[in-house]
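Protein chains: 2
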Amino acid sequence: MPTRGQREFFAVRTLGEALAGFRPARRTGTERVPLDDALGRIPAEPALAPHALPGFARATVDGFAVRAADTYGASDGVPSYLELIGEARMGRPPEIELRPGTAVEIATGAPLPPAADAVLMVEHTQSALPELVEVVRPVAPGDGMVRADEDARAGAELAPAGRPLRAQDLGMLAAAGLTEVEVRVCPRVTVVSTGDELVPAATRELETGQVRDSTAPALAALVREAGGEPRHAGIVPDDRDALAANLQAALPESDVLVVSAGSSVGARDETAAAIASLGEPGIWCHGLAFRPGKPTLLADCGGMPVIGLPGNPRSALVVFRVVGMPIVRLVGGCTHPPPEPTVSARLDRNLPSAAGRADVVQARVHDGVATPLFGSSSLLSILTAADGYLVVPEAATGLPADSEVEVILYR
Amino acid sequence: MPTRGQREFFAVRTLGEALAGFRPARRTGTERVPLDDALGRIPAEPALAPHALPGFARATVDGFAVRAADTYGASDGVPSYLELIGEARMGRPPEIELRPGTAVEIATGAPLPPAADAVLMVEHTQSALPELVEVVRPVAPGDGMVRADEDARAGAELAPAGRPLRAQDLGMLAAAGLTEVEVRVCPRVTVVSTGDELVPAATRELETGQVRDSTAPALAALVREAGGEPRHAGIVPDDRDALAANLQAALPESDVLVVSAGSSVGARDETAAAIASLGEPGIWCHGLAFRPGKPTLLADCGGMPVIGLPGNPRSALVVFRVVGMPIVRLVGGCTHPPPEPTVSARLDRNLPSAAGRADVVQARVHDGVATPLFGSSSLLSILTAADGYLVVPEAATGLPADSEVEVILYR
Chain D
1 MPTRGQREFF AVRTLGEALA GFRPARRTGT ERVPLDDALG RIPAEPALAP HALPGFARAT
61 VDGFAVRAAD TYGASDGVPS YLELIGEARM GRPPEIELRP GTAVEIATGA PLPPAADAVL
121 MVEHTQSALP ELVEVVRPVA PGDGMVRADE DARAGAELAP AGRPLRAQDL GMLAAAGLTE
181 VEVRVCPRVT VVSTGDELVP AATRELETGQ VRDSTAPALA ALVREAGGEP RHAGIVPDDR
241 DALAANLQAA LPESDVLVVS AGSSVGARDE TAAAIASLGE PGIWCHGLAF RPGKPTLLAD
301 CGGMPVIGLP GNPRSALVVF RVVGMPIVRL VGGCTHPPPE PTVSARLDRN LPSAAGRADV
361 VQARVHDGVA TPLFGSSSLL SILTAADGYL VVPEAATGLP ADSEVEVILY R
Chain Z
1001 MPTRGQREFF AVRTLGEALA GFRPARRTGT ERVPLDDALG RIPAEPALAP HALPGFARAT
1061 VDGFAVRAAD TYGASDGVPS YLELIGEARM GRPPEIELRP GTAVEIATGA PLPPAADAVL
1121 MVEHTQSALP ELVEVVRPVA PGDGMVRADE DARAGAELAP AGRPLRAQDL GMLAAAGLTE
1181 VEVRVCPRVT VVSTGDELVP AATRELETGQ VRDSTAPALA ALVREAGGEP RHAGIVPDDR
1241 DALAANLQAA LPESDVLVVS AGSSVGARDE TAAAIASLGE PGIWCHGLAF RPGKPTLLAD
1301 CGGMPVIGLP GNPRSALVVF RVVGMPIVRL VGGCTHPPPE PTVSARLDRN LPSAAGRADV
1361 VQARVHDGVA TPLFGSSSLL SILTAADGYL VVPEAATGLP ADSEVEVILY R
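As given, the protein sequences belong to chains D and Z, one line each in that order.
Positions 1 to 411 (our numbering) are the ones given, in order, by the first sequence.
Positions 1001 to 1411 (our numbering) are the ones given, in order, by the second sequence.
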C-alpha cells in the first residue's frame, strides 16, 4: 500500500492524458433486447439487413405505373395515350403485367406491376376517356418510385456497432423485421460514499455537522445518462479497512467502481490505500491537473476502472461528468458518444486561471452572454444555477472579458 | 364530417404558427416519485428548501477555525500566535467554544465551533509549539468556510417547476432531505398505425406489397425522448369507421393521440374524417407549409391534441420530432425543454427550396461541412444516414453552397 512518501511517486495527469490514456480492459457482455427497450442502447455488432428494403419496387406518388419509354416526347401539345388496364392494390402482390402502351393506376406505397419502370404523377396526366390515360409530360425510368433495394440492399449495415440506437435506427430495424437487437449489457456502476459526516438522504433531522449524501443520487443520474446501471453500496466511514472491505464486496457485481471520497486530506489517503489494495496494476494517477478535479484518483484494478472522486459534491459531479461518464461509456462499448448541446457565448467578465491547469467553470447563459459562477466547490447551488460549463484550457492563463467561449449545456 | 369541399376551408399553417398557436388544454396530473426515478421528470411545483443548507457553518479548507480579528496584521515577519484548544470533529456538533486568541483544528467539511468566523488554511500557518498556531497571513471573516445558509436559504427554490430534473438538481433535493418529488405524470401517447400495406414488425416473411410498421416503434422512441409514455394501438385498415372506432377506444387512456396515416390521398381523407369525429373544436390545421410535413393534420378534440402524420415513415418521423415532441412536452408540463445539440457547418452544395415553405433537410456533418441528403421521403435510410437536420426558413428560396448553417444533431 502506498504511504505518504510513495504517493508522491504517482503522476498528476492532465485531463487530456486521462481521457486518452486511462483505458482499463473491462467491457460488458451482450444481451438481446426487444426494440421497445432498445432506445439509447449500444449495438454489440452492426445490425445487417436480412433482405432488401423495401423489398419491392414501390410508388412514391399517386398516379399511373408505366413503361417510361411509352411517355417519351409527350407534351401538352402532343400528348401520348396509354390504355388503363387496372389498378395496383395497396399491400397486395401485383396481379397485372404491364404491356407496352398500357398503364396501371397506383397509389403512393403500392407495388409496381412487373415491367413498369416509372410512375407518372396524376398531375401530369389529363382525363380523356375512363379507359385512357392522356400523358402530357414524359417520365424517366425510376421516376415516382423507389427500387426494391433503394432503402437497403440485402446485407447492408442498418445500424453501426458502438453508437447509441436512435429513434430512426429502431424504425429501420423494425422495417427489416429485426424486433430484437444484440446490445451491450449496461455497465454496473457501484458508488461507495465515504465520510464521517455523511448520513443517508432520507435522514429527516440533522445534527450540526451532519450532511445528507447528495453526491450518490446525483452520480446515479449521471451513470444513467452515460448508459450505466447505478448501484449504491451505502455510506462507509472514513476508515481504510471498512472502505477496502466494502469495495471488495462490491467487486463481483460491478463493472466500474466509484468512491465518493471523504473530503479531508487524511480521508484521501485512506481512499487511495483502500483502492490500491483491490488489484494490479492499481493506481494510474493520483491527481488531475484540472479544477475542480485535483484530488481525483484513477485506478485499474484487474481491468476494472476505479474512480476516486473529490469529496466536495460539486467537484465530484464535475469530475464524474468530465472523466467518469466517458469511462462508463468505454466499458459499455459506446464508441460514438452522443453529441452534447453547446452554445457560443460572450464572456461578461475576466476569468482568471493558472497555466498548466484546465478549469471547468460553471456558467449561466442568457442572450448569448455567459456569466461565470464562482463560489466554494462545496456548494451544489453553483451547479443547479448553471446552464452549463466551459473549459479554460491548460495553456491559457485565464480568458479576458468579451472572449467568445463555447458553453456545454446541461439537459 | 368534412367533405372534400369543406376540407379546402381548413387553413394550411406555417411551422411557426403551429408551434405557437396549437395549444390544446390537456395537461397531465401529478404523482410523487422517489429521487431514483426522477431524472428527466418535470416538477409540478418549484421544490423549496425546508431548511437552510448546509445548515451549519462549514470549513472548506483544512486548517484552523479562528476569529478573523485575531489574525489581522499577521505576516511572515510578524506572526500572530493563537492557542490551539482542540479539534472540530467531522460530523459531530462542536464541543468547543472559541475564545479570543484561540484556534481549533478543523478539517474540510467539519462544523465551525461557535464564535469562529473564518478558517485559516494550514498552508498559512507554521508549526511552533504543539499547542500554538503561528499565523503568517491574516484571514477575513468568511474565508475558508461557507455560511450555514450559503448553499440555500430556508424556503429557497431548489428546482423550478417545468424544467426536467438534472443530475445536480437531484443532488440538491437529496441534500435537503427531499427524497420524493411531485412531478407531472408522463403523457400517455397512443399511436394508431393505418395503412392496408402495413404488417407488424414481427412479421417474418413479407408478401410483395407488404411493409412492416417501422413508424410506430420509431415514434415510440421519440415519445420517450419527449418524456411521454408510448402505447401502440395496433394497425388499423385504411377505413374511416375502423379508424374512428379505434381512436374512440384509445381516448380514455390517452393524453395525446397520433395517427400514423395511410399514405394515399384517399387514406388522408379517411383519417381527417375519423379525427374530426372525436370532439370539438376539432381540426386546427389540415396541412403545414413545410417539407416533408405538408399532409400533417392537427386537431384539438375536447382539449386532447390529435396529430395526423404523413404516411411516409421519414416524413412522419420528421413531423413528429419538429411538431409532435413539443406537444407531448406541453401536455406533460415541460415549459423549459432541454437544449438540443447543434453544430455550425458549411453547406457543401446548393440547397433549393420554395419560398413560403420551410424545408427540413437531413444532413451528414463531417469536419465542419454539412452534406444534405436527398431522396424519396419514403426512405428511412436518409434518416439513419443523417447526423442531424437543418431548416431552410420559409422566407428563403434555398441556400447557396458555402452558406453557414446550423445543424440540429441527433443523439
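The beta carbon of each residue, even a glycine, is placed where N, CA and C say it ideally should be.
Check	Outcome
Cβ of D:Gly419 less than 8 Å from any chain Z Cβ?	Any answer about residue 419 of chain D is impossible in this case: the structure gives chain D only from 1 up to 411.
For D:Ala20, go through chain Z and note every residue whose CB falls closer than 8 Å to its CB, in chain order.	Under the 8 Å cutoff, chain Z gives no residues; its nearest Cβ is about 20 Å from D:Ala20.
With a threshold of 8 Å between beta-carbons, can D:Val211 be considered close to chain B, or not?	In the structure shown, chain B cannot be found, because the protein chains are D and Z.
So which residues of chain D does Z:Asp1036 contact, with C-beta pairs closer than 8 Å?	Pro217 and Ala220
How far does the alpha helix (DSSP H) with Z:Glu1017 in it extend, from its first residue to its last?	Leu1015 to Gly1021
So, helix, strand or coil for Z:Pro1111, using DSSP?	strand
Name, going along the chain, the residues of the segment 1170 to 1192 of chain Z whose beta-carbon falls closer than 9 Å to a beta-carbon of chain D.	Leu1170, Gly1171, Met1172, Leu1173, Ala1174, Ala1175, Ala1176, Gly1177, Leu1178 and Thr1179
Determine which residues share a DSSP beta bridge with Z:Leu1309 and list them.	Z:Ser1260
Report the CB separation of D:Pro54 from D:Ala161 in whole angstroms; it is logged as a contact under 8 Å.	Not quite, the Cβ-Cβ distance comes to about 25 Å (not below 8 Å), so this is no contact.
Quick check on the burial criterion: 16 or more other C-beta atoms within 10 angstroms. Buried or exposed for D:Leu409?	buried
Using DSSP with H/G/I as helix, E/B as strand and the rest coil, what is Z:Pro1200?	coil
So which residues of chain D does Z:Glu1340 contact, with C-beta pairs closer than 7 Å?	Pro341
Distance, Cα to Cα, D:Gly109 vs D:Arg58?	6 Å
Within this structure, are the beta carbons of Z:Val1319 and Z:Thr1342 separated by less than 8 Å?	no
With 8 Å as the threshold, decide whether the Cβ of Z:Ala1233 is near any Cβ in chain D.	no
Using the rule of at least 16 other Cβ atoms within 10 Å of the residue's Cβ for burial, across every protein chain shown, is D:Arg32 buried or exposed?	exposed
For the segment 1352 to 1368 of chain Z, which residues have a beta carbon sitting closer than 9 Å to at least one beta carbon of chain D?	none
Since Z:Ala1174 is in the alpha helix (DSSP H), which residue starts that stretch and which ends it?	Ala1167 to Ala1175
Any C-beta of chain Z within less than 9 Å: which residues of the segment 69 to 93 of chain D qualify?	Ala88, Arg89, Met90, Gly91, Arg92 and Pro93
Looking only at its own chain, which residues have a Cβ that is under 7 Å from the Cβ of Z:Glu1406, when we skip the five neighbours before and after it?	Thr1342, Ser1344 and Leu1390
Is the beta carbon of Z:Ser1193 less than 8 Å from the beta carbon of Z:Ala1226?	no
Mind listing which residues of the segment 1107 to 1133 of chain Z have their C-beta closer than 8 Å to chain D's C-betas, in chain order?	Ala1107, Thr1108, Gly1109, Ala1110 and Pro1111
Just reading off the alpha helix (DSSP H) that D:Gln248 is part of, what are its end residues?	Arg240 to Ala250
Hey, is Z:Gly1052's beta-carbon within less than 8 Å of any beta-carbon in chain D?	The sequence given here has Ala at residue 1052 of chain Z, not Gly. Output row for Z:Ala1052: interface = no.
Going along chain Z in order, which residues have a C-beta closer than 7 Å to the C-beta of D:Gly55?	Leu1206
Tell me the DSSP secondary structure of Z:Val1319 in three-state form.	helix
Assuming D:Ala65 and D:Leu112 make a contact with CB atoms under 8 Å, what is their CB distance in whole Å?	5 Å
For D:His51, which three-state DSSP category applies?	coil
Does any CB atom of chain D fall closer than 8 Å to the CB of Z:Arg1224?	yes
Just the Cα atoms here: how many angstroms apart are Z:Arg1007 and Z:Thr1271?	Only weak support is given to the placement of Z:Arg1007: the predicted model assigns it a pLDDT of 44, under 50, and the value that follows is read from those uncertain coordinates. Taking the straight line joining both Cα atoms gives about 12 Å.
What are the residues in the segment 1374 to 1397 of chain Z lying within 7 Å of chain D by C-beta distance?	Ser1376, Ser1378, Leu1379, Leu1380, Ser1381, Leu1383 and Thr1384
Looking only at its chain, what residues have a beta carbon closer than 7 Å to the beta carbon of Z:Leu1330, apart from the 5 residues adjacent to it on each side?	Arg1023
In angstroms, rounded to a whole number, what distance separates the CA positions of Z:Leu1198 and D:Gly91?	7 Å
By DSSP, does Z:Thr1194 sit in helix, in strand, or in coil?	strand
For D:Ser80 and D:Thr71, what's the separation of their Cα atoms in angstroms?	6 Å
Taking all protein chains shown into account, do 16 or more other C-beta atoms lie within 10 angstroms of the C-beta of Z:Gly1016, making it buried, or fewer, making it exposed?	exposed
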